[in-house]
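Asks: Structure provided below as structure tokens; questions to follow.
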């Protein structure tokens with residue numbers, strides 16, 4: 151069975167009983183003779199990192215409302231190899247790599263360990279944890295990309311975890327971890343919901359509206375599949391030049407066409423089963439890009455159908471209230487959205 155996440159040896163002596171019991175949960179379902187079976191319903195992946203109590207309350211609401219789907223929670227943690235600064239802001243490699251000192255690194259690891267133990271206590275086998283090293287093992291071509299420097303601790307710059315930029319690779323980790331643990335293959339498409347999104351309507355109605363059946367889009371599974379997101383439209387490559395240094399040559403050579411890429415926002419995204427196959431093949435072929443510009447571009451140039459969630463009905467006035475609302479309640483979000491409208 152796949153472990154919920156790597157158990158960092160630094161904290162082994164401090165592990166809670168709950169963490170020890172849930173770090174390698176028994177599979178939810180195993181087919182006969184250890185075989186794999188189709189999930190036969192949509193998989194929903196909530197992506198998070200050390201979520202607040204308000205975020206976890208939203209997770210519980212999503213799980214409750216989407217009782218006809220499989221909902222899991224994916225998060226990342228740092229390995230015991232340390233935290234480094236290997237790249238400059240222009241994407242060039244630093245001659246001497248910086249290293250987070252123990253007085254910062256050790257408390258950060260402690261927070262992650264305790265936070266993940268608590269998540270597993272609250273959400274059990276729904277929780278899946280990965281590291282950047284696991285991503286590198288799955289997609290070795292990622293190792294050649296420079297790391298994006300970010301303010302990871304105070305005013306100090308360090309390499310951003312892959313999950314900050316590469317949502318598709320992070321999603322694939324969660325999908326494969328789920329299949330390894332349960333022996334169930336998501337064959338009805340996968341939803342991604344980020345942890346700071348609020349929706350004041352019914353999650354079930356929203357997802358039903360924008361899945362293959364709701365969009366009457368099943369025919370595209372015979373082509374490149376379907377991608378549903380928001381603001382998916384062409385963007386001049388010159389406007390996205392900052393990401394040039396953090397994309398692979400395979401992406402730049404094959405998916406920057408007519409000096410444009412296809413960019414979207416990704417608070418809520420639906421990947422059909424066929425598009426997941428296309429996306430997975432592209433990543434294994436070395437195609438990697440910051441996912442706001444990568445996902446739509448890979449879809450566009452692989453005969454995949456793109457749909458946008460409607461601003462008239464499902465964003466703004468009628469529903470979404472995203473980012474900077476970690477502590478806001480749905481009722482307050484709705485009132486605020488209507489005020490803005």
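Residue numbers (our numbering): 151 to 491. Glycine included, every Cβ here is placed at the ideal spot set by N, Cα and C.
Is the beta carbon of residue 285 closer than 8 Å to that of residue 245?
Replies: The answer is no: Cβ separation not under 8 Å.
Asks: With C-beta atoms as the reference, is residue 323 less than 8 Å away from residue 280?
Replies: In this structure, residue 280 lies closer than 8 Å to residue 323 by Cβ.
Asks: Secondary structure at residue 252, three-state DSSP: helix, strand or coil?
Replies: Of the three classes helix, strand and coil, the one that applies to residue 252 here is helix, per DSSP.
Asks: Between which two residues does the beta strand (DSSP E) containing residue 372 stretch?
Replies: Per DSSP, residue 372 belongs to no beta strand (DSSP E) and is neither H nor E.
Asks: Locate the alpha helix (DSSP H) running through residue 211, then write down its first and last residues.
Replies: Unbroken alpha helix (DSSP H) run through residue 211: 203-215.
Asks: Which same chain residues end up closer than 8 Å to residue 386 when comparing Cβ atoms and leaving out the 5 residues on each side of it in sequence?
Replies: Only 409 and 410 meet the Cβ criterion.
Asks: Give the secondary structure of residue 394 by DSSP, where H, G and I count as helix, E and B as strand, and everything else as coil.
Replies: Three-state DSSP puts residue 394 in a helix.
Asks: Taking only runs that begin and end inside the region 224-278, name each unbroken beta strand (DSSP E) of 3 or more residues, in chain order.
Replies: The region 224-278 contains these whole beta strand (DSSP E) runs: 234-237 and 243-249.
Asks: Just to confirm before moving on: does the CB-CB distance between residue 458 and residue 412 stay below 8 Å?
Replies: Against a cut-off of 8 Å, the Cβ pair of residue 412 and residue 458 comes out as no contact.
Asks: Where does residue 407 sit, in a helix, a strand or coil, going by DSSP?
Replies: Residue 407: strand per DSSP, three-state reduction.
Asks: Flag this pair as touching only if the region 355-375 and the region 388-403 have three or more C-beta atom pairs under 8 Å; answer yes or no.
Replies: No: the two stretches stay apart, fewer than three of their Cβ pairs being nearer than 8 Å.
Asks: Relative to the C-alpha of residue 313, which candidate in 456, 225 and 278 has its C-alpha closest?
Replies: For the residues 456, 225 and 278, the minimum Cα distance to residue 313 belongs to 225.
Asks: Taking the alpha helix (DSSP H) that residue 353 belongs to, which residues open and close that run?
Replies: Looking at the DSSP string, the run of the alpha helix (DSSP H) that includes residue 353 is 353-360.
Asks: Only counting the same chain, and skipping five residues up and downstream in sequence, which positions put a Cβ closer than 6 Å to that of residue 449?
Replies: These residues qualify, in order along the chain: 377 and 456.
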